[in-house]
Amino acid sequence: MARTLINVPPKAKKGEVIAIKTLISHEMETGYRHDNVGKPIPRDIITQFVCTYNGLEIFRADLFPAIAANPFISFFTVATASGTIEFKWTGDNGFSQTETANITVE
Amino acid sequence: MTADDANRRQFLIGAAGLAGGMITVLPVTEARATPQTMQAAIKKVVGSAALRKGKVTLRLPPLVENGNSVAMDVAVESQMTADDYVRAIHVFNEKNPQPNVVSVRLGPPAGQAKLSTRVRLADSQRILAIAEMNDGSFWSDEVDVIVTIAACLEDPV
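So the protein sequences, as listed, match chains A and B. Here my numbering is used: the first residue of the first sequence is 1, the next is one more, and so on. Here my numbering is used: the first residue of the second sequence is 1, the next is one more, and so on.
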């Protein structure tokens, strides 16, 4: 399990635009580097990130090797209802990780 | 000026020339995205639609010390309502091994069409961000960045 850092405001007013920040620890090995004997290091990156809010997809990102190690992604959403926001990262070599955050909307 | 001085000067000029020559001989032979491959990647997204400048604000530091992690912001002017929203944001580069940087899909639930992330830059180059609106129009912004330490070239630990 990769370590993640997720920042979602715990409380928001209905209709407020909130910022969501996520970070996951991952090498994001580009596949363009060579090891000390000149053998290419195979690509190992996170290829997709999806965020759902109470089951509704609000944001999706396709990542490429040009994304820095430990991908940081920040975006916005409208606080519509209390519930859970789910984050899912998938990538090479069967990488898959899901995290959730709760939000209370008043 | 003595003869010794002159020799020394000539030697230094020669050495500098040699060093310069070595640097020009060394360039990386690996595959690289070129402005052409970037255009091809853009074409894949935009198709035959017109790509206009405006609405998009791409922010990157103009001078990057370390290309391994560069903060990048893309913001698109849009009300993000049900009839006027940004469908997708795509970012492209000219000189990394691949032309794509990131592609995101969003919609009215976003409230604000803004994205921040950190990217790798292999060289001083031009970065282009494209926003796809719900009416099928495409808007763009580009930024030139100077990179002093490139990503992708260092040896792994």
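Note that CB positions come from ideal geometry on N, CA and C, so glycine has one too.
Could you tell me if Leu115/B is buried or exposed, where buried requires 16 or more neighbouring beta carbons within 10 angstroms of its beta carbon?
On the second sequence, residue 115/B is found 115 positions in, with the first residue counted as 1. Classification of Leu115/B: buried, given that the 10 Å Cβ count is 16 or more.
Cross-chain neighbours of His73/A in chain B, by beta carbon under 8 Å:
Translated into the one-based positions of the first sequence, residue 73/A becomes position 73. Per the sequence shown, the amino acid found at residue 73/A is Ile instead of His. Going along chain B in sequence order, the residues near Ile73/A (Cβ under 8 Å) are Leu115, Ser116 and Thr117.
How would you list, in chain order, the residues of chain A whose beta-carbon sits under 9 Å from the beta-carbon of Gln112/B?
Counting from 1 along the second sequence, the entry for residue 112/B is found at position 112. Going along chain A in sequence order, the residues near Gln112/B (Cβ under 9 Å) are Val17, Ala19, Phe75, Phe76, Thr77 and Val78.
Going along the chain, which residues of the stretch 92–108 of chain B sit with their C-beta nearer than 7 Å to a C-beta in chain A?
For the stretch 92–108 of chain B, which is checked against every Cβ of chain A, the residues closer than 7 Å are Asn93, Asn96, Pro97, Gln98, Asn100, Val101, Val102, Ser103, Val104, Arg105 and Leu106.
May I ask which residues mark the beginning and end of the alpha helix (DSSP H) holding Lys43/B?
The residue labelled residue 43/B in the question sits at position 43 within the second sequence. Its alpha helix (DSSP H) spans residues Pro35 to Val46.
Is the CB of Leu5/A under 7 Å away from at least one CB in chain B?
Within the first sequence, numbered from 1, the residue matching residue 5/A stands at position 5. It does not: the Cβ of Leu5/A has no partner Cβ on chain B nearer than 7 Å.
Span separating the alpha-carbon of Pro35/B from that of Val70/B
As a position in the second sequence, residue 35/B is number 35, starting the count at 1. As a position in the second sequence, residue 70/B is number 70, starting the count at 1. Rounded to the nearest angstrom, the two C-alpha atoms are 20 Å apart.
Ile18/A to Ala79/A span [Cα, whole Å]
Within the first sequence, the letter at position 18 stands for residue 18/A. Within the first sequence, the letter at position 79 stands for residue 79/A. Computed Cα separation, rounded: 7 Å.
Of the residues Ile46/A, Ile45/A and Gly31/A, the one placed nearest Lys39/A, counting alpha carbons only:
Walking along the first sequence from the start, residue 39/A turns up at place 39. For the residues Ile46/A, Ile45/A and Gly31/A, the minimum Cα distance to Lys39/A belongs to Gly31/A.
Taking the beta carbon of Asp40/B as the centre, do at least 16 other beta carbons fall within 10 Å, making it buried, or is it exposed?
In the second sequence, counting from the first residue as 1, residue 40/B sits at position 40. Contrary to the premise, residue 40/B reads as Ala rather than Asp in this sequence. Under this definition Ala40/B is an exposed residue.
Out of Asp135/B, Gly47/B and Pro99/B, which has the shortest C-alpha to C-alpha gap to Val177/B?
Beyond the ends of chain B as shown, which are 1 and 157, falls residue 177/B; an answer cannot be given.
Does any residue of chain B bring its CB to less than 7 Å from the CB of Leu23/A?
Within the first sequence, residue 23/A is the residue found at index 23, counting from 1. By this cut-off, Leu23/A is not an interface position.
According to the Cβ coordinates, are Ala151/B and Asn68/B closer than 7 Å?
One-based indexing of the second sequence puts residue 151/B at position 151. One-based indexing of the second sequence puts residue 68/B at position 68. Yes, these two residues count as a Cβ contact at 7 Å.
Given a limit of 8 Å on CB to CB distance, which residues of the stretch 60–74 of chain B reach chain A?
So the list reads Asn68, Ser69 and Val70, given in the order they occur along the chain.
Distance between Ala110/B and Thr29/B (C-alpha atoms, nearest Å)
As a position in the second sequence, residue 29/B is number 29, starting the count at 1. As a position in the second sequence, residue 110/B is number 110, starting the count at 1. Legend: pLDDT at Thr29/B = 44, less than 50; position of this residue unreliable, value from coordinates given subsequently. Rounded to whole angstroms, Thr29/B to Ala110/B spans 42 Å at the Cα level.
Expressed to the nearest angstrom, what Euclidean distance is found between the alpha-carbon atoms of Phe113/A and Asp35/A?
There is simply no residue 113/A to check, as chain A begins at 1 and stops at 106 in what is shown.
Please check the pair Thr47/A and Leu63/A, which I expect to be a contact at CB under 8 Å, by giving their CB distance rounded to whole angstroms.
The sequence position of residue 47/A within the first sequence is 47, counting from 1. The sequence position of residue 63/A within the first sequence is 63, counting from 1. For a cut-off of 8 Å, the C-beta gap from Thr47/A to Leu63/A is around 6 Å, short enough to register as a contact.
Where Val37/A and Phe95/A are concerned, what is the direct C-alpha to C-alpha distance, given to the nearest angstrom?
Reading the first sequence from its first residue, position 37 is the one you call residue 37/A. Reading the first sequence from its first residue, position 95 is the one you call residue 95/A. Each residue's CA atom was taken as its position, placing Val37/A and Phe95/A some 27 Å apart.
Between the stretch 90–106 of chain A and the stretch 139–150 of chain B, do at least 3 Cβ pairs fall closer than 8 Å?
Output reads no: the stretch 139–150 of chain B does not touch the stretch 90–106 of chain A.
So, does the CB of Arg126/B fall closer than 7 Å to a CB anywhere in chain A?
Position 126 of the second sequence holds residue 126/B. Put simply, the CB of Arg126/B is far from chain A, with every gap to its CB atoms at 7 Å or more.
Exposure of Glu65/B, with buried meaning 16 or more beta-carbon neighbours within 10 Å:
Within the second sequence, the letter at position 65 stands for residue 65/B. Here Glu65/B is exposed: its Cβ has fewer than 16 other Cβ atoms, across all protein chains shown, within 10 Å.
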